[in-house]
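Residues 6 to 391 in the numbering used here are what the sequence shown spells out, letter by letter. Virtual Cβ for every residue (Gly too), placed ideally from N, Cα, C. A short worksheet on the structure shown next.
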Amino acid sequence: MKPFIYADHAATTAVKPQVFEAMLPYFSKQYGNPSSIHAAGRAAKRAMETAREQCANALSATVREIYFTGGGTEADNLAILGMEQTLRAKSKTHVITSAIEHHAVLHPMEELRRRGFSVTVLPVDENGCCAPETVARALRPETGLVSIMAANNEIGTIEPFAAIGALCREHGVLFHTDAVQAFGQVPIDVQKDCIDLLSVSGHKLGGPKGVGFLYAREGIRPTPLLLGGGQERNLRPGTEAVASLVGLGAAAKLAVETLSTRTETVARLRDRLIAGARQALPDVRLNGSADHRLCGNANFAIPGVQGESLLLLLDLQGICASAGSACTTGQVEASHVLRAIGLSEPLAQGSIRFSLGEDNTEEEVDTIVRVLTEQVQKLRAMCGYV
Ligand SMILES: *Cc1c(COP(=O)(O)O)cnc(C)c1O
């Protein structure tokens with residue numbers, strides 16, 4: 006028996022056994038610094054460059070276009086704040102993003118606004134989709150960058166990123182996509198999809214935490230956010246986390262190789278969960294798109310419950326999920342994503358996200374449905390909901 010049922014893969018994933026194996030030698034045997042010119046350093050450098058090749062291949066990019074970072078957040082910051090000088094030099098002081106981006110995109114966008122940029126935050130439809138036509142209408146002569154995520158972390162909606170990429174390319178506007186959730190779940194080809202900048206995080210795809218990469222198309226040079234040594238071709242100083250990067254490369258390779266079979270398996274589990282929950286609790290509503298949806302995501306709005314309370318009760322029953330609200334400053338605040346798709350405050354606060362992975366089983370899904378139903382009924386009885 007596992008100690009708990011883990012249904013929070015959008016928050017983080019376990020390091021895959023093969024990935025863990027690949028990382029091990031780089032802690033205490035091959036511990037060289039990739040910048041050292043001796044044999045130990047060269048071995049570390051080789052391992053790191055293999056990882057870079059694995060990341061590049063996963064996206065149809067070249068190794069010169071992959072810059073390792075300390076995770077998805079840093080890659081997003083580089084793609085947005087790192088482009089400030091380039092955009093300013095071309096008088097492109099208008100940027101566009103969507104209302105459902107991760108805070109790793111929204112907060113750098115707010116910072117650009119404080120620094121004098123004009124920032125358009127596009128609305129999304131009730132499925133969480135940011136239509137290319139909406140992007141097209143927001144373009145101005147001075148628009149320099151569009152940042153729209155490839156798939157949303159909360160509601161699982163897969164955005165029409167290739168169409169947005171093509172539109173941006175046509176108008177000579179840079180296109181960044183936060184692909185932290187989409188990478189390894191949705192095929193991505195930076196050439197065909199017209200992507201100029203793209204962010205990936207290791208720990209969302211079976212790799213270690215604290216590493217990721219930014220893909221920046223050849224010829225696009227963000228300005229470094231940190232100052233120090235010349236690592237990552239002067240974009241990201243600091244001694245590289247070699248073992249973690251080896252893990253990132255192995256995880257990226259594995260994720261892309263197994264993409265089609267794995268996503269099919271996980272989608273079956275997700276659909277079982279959605280069908281089961283709907284049957285047991287007929288008034289639950291699925292947040293996000295029914296068709297353009299990440300294979301593991303099931304996000305429910307459940308009338309008459311508090312998502313946070315439900316989360317705690319599920320946790321007591323050994324189920325790890327995530328709520329659509331966060332108790333930040335002592336009071337419960339609904340997520341900006343759920344508000345952006347038009348959910349009422351009570352429904353947004355009554356939302357819960359299950360995100361499945363390939364290690365989940367049908368039995369676990371059935372347990373989730375059973376426990377969810379019991380706990381929802383319990384909460385509803387407590388507050389007199391009929
Ligand atoms: C997790 C996540 C991030 C942040 O990645 P970290 O590696 O945890 O910094 C950014 N964007 C999205 C969509 C995410 O899900």
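Are the Cβ atoms of residue i and residue j separated by less than 7 angstroms?
i, j, result
"residue 172", "residue 137", "yes"
"residue 15", "residue 251", "no"
"residue 162", "residue 294", "yes"
"residue 167", "residue 187", "no"
"residue 361", "residue 271", "yes"
"residue 157", "residue 133", "yes"
"residue 87", "residue 230", "yes"
"residue 24", "residue 211", "yes"
"residue 373", "residue 324", "yes"
"residue 329", "residue 343", "yes"
"residue 322", "residue 391", "no"
"residue 104", "residue 345", "yes"
"residue 62", "residue 244", "no"
"residue 347", "residue 54", "no"
"residue 285", "residue 378", "yes"
"residue 275", "residue 301", "yes"
"residue 365", "residue 160", "no"
List the DSSP bridge partners of residue i.
i, result
"residue 221", "202"
"residue 172", "For residue 172, which the question treats as bridged, DSSP gives no partner whatsoever."
"residue 357", "305 and 328"
"residue 71", "220"
"residue 299", "For residue 299, which the question treats as bridged, DSSP gives no partner whatsoever."
"residue 188", "191"
"residue 13", "360"
"residue 162", "298"
"residue 156", "163"
"residue 182", "203"
"residue 151", "101 and 180"
"residue 55", "In the DSSP output, where bridge partners are listed per residue, residue 55 has none listed."
"residue 123", "99"
"residue 290", "306"
Once you ignore the five residues that flank residue i on each side, which residues in its own chain have a CB closer than 6 angstroms to its CB?
i, result
"residue 310", "355, 381 and 384"
"residue 174", "199"
"residue 3", "This structure gives no information on residue 3, because the portion of the chain shown stretches from 6 to 391."
"residue 45", "37"
"residue 50", "39"
"residue 48", "35 and 37"
Taking residue i and residue j to be in contact with their CB atoms under 8 angstroms, please state how far apart those CB atoms are, rounded to whole angstroms.
i, j, result
"residue 219", "residue 74", "6 angstroms"
"residue 190", "residue 299", "5 angstroms"
"residue 417", "residue 246", "Because the chain is modelled from 6 through 391, residue 417 falls outside the range shown and cannot be assessed."
"residue 66", "residue 195", "5 angstroms"
Distance, Cα to Cα, residue i vs residue j?
i, j, result
"residue 415", "residue 121", "Absent from the structure is residue 415, since the part of the chain shown begins at 6 and ends at 391."
"residue 433", "residue 22", "Residue numbering for the chain in the displayed model covers 6 to 391; residue 433 lies beyond these limits and cannot be assessed."
"residue 170", "residue 199", "5 angstroms"
"residue 10", "residue 197", "38 angstroms"
"residue 241", "residue 71", "11 angstroms"
"residue 148", "residue 292", "31 angstroms"
"residue 266", "residue 259", "12 angstroms"
"residue 226", "residue 95", "14 angstroms"
"residue 68", "residue 164", "26 angstroms"
"residue 234", "residue 34", "25 angstroms"
"residue 277", "residue 367", "8 angstroms"
"residue 118", "residue 297", "31 angstroms"
"residue 13", "residue 357", "11 angstroms"
"residue 140", "residue 177", "14 angstroms"
"residue 5", "residue 371", "Absent from the structure is residue 5, since the part of the chain shown begins at 6 and ends at 391."
"residue 248", "residue 352", "43 angstroms"
"residue 135", "residue 28", "38 angstroms"
"residue 42", "residue 31", "17 angstroms"
"residue 287", "residue 26", "45 angstroms"
"residue 98", "residue 320", "46 angstroms"
"residue 58", "residue 112", "31 angstroms"
"residue 2", "residue 326", "With the chain running from 6 to 391 in the structure shown, residue 2 is simply not present."
"residue 93", "residue 228", "12 angstroms"
Can you name, in chain order, every residue of its own chain whose Cβ lies under 7 angstroms from the Cβ of residue i, other than the five neighbours on each side?
i, result
"residue 204", "77, 80, 81, 84, 183, 184, 185, 217 and 219"
"residue 206", "76, 77, 185 and 217"
"residue 283", "289"
"residue 312", "328, 329, 330, 354, 355, 356 and 357"
"residue 339", "329, 330, 350, 353 and 354"
"residue 116", "86"
"residue 363", "267, 270 and 271"
"residue 369", "10"
"residue 146", "none"
"residue 261", "63 and 189"
"residue 237", "72 and 73"
Leaving out five residues on either side along the sequence, give the residues of the same chain with a beta carbon under 8 angstroms from the beta carbon of residue i.
i, result
"residue 114", "85, 100, 102, 106, 124, 126 and 152"
"residue 318", "380, 383 and 384"
"residue 17", "208, 209 and 214"
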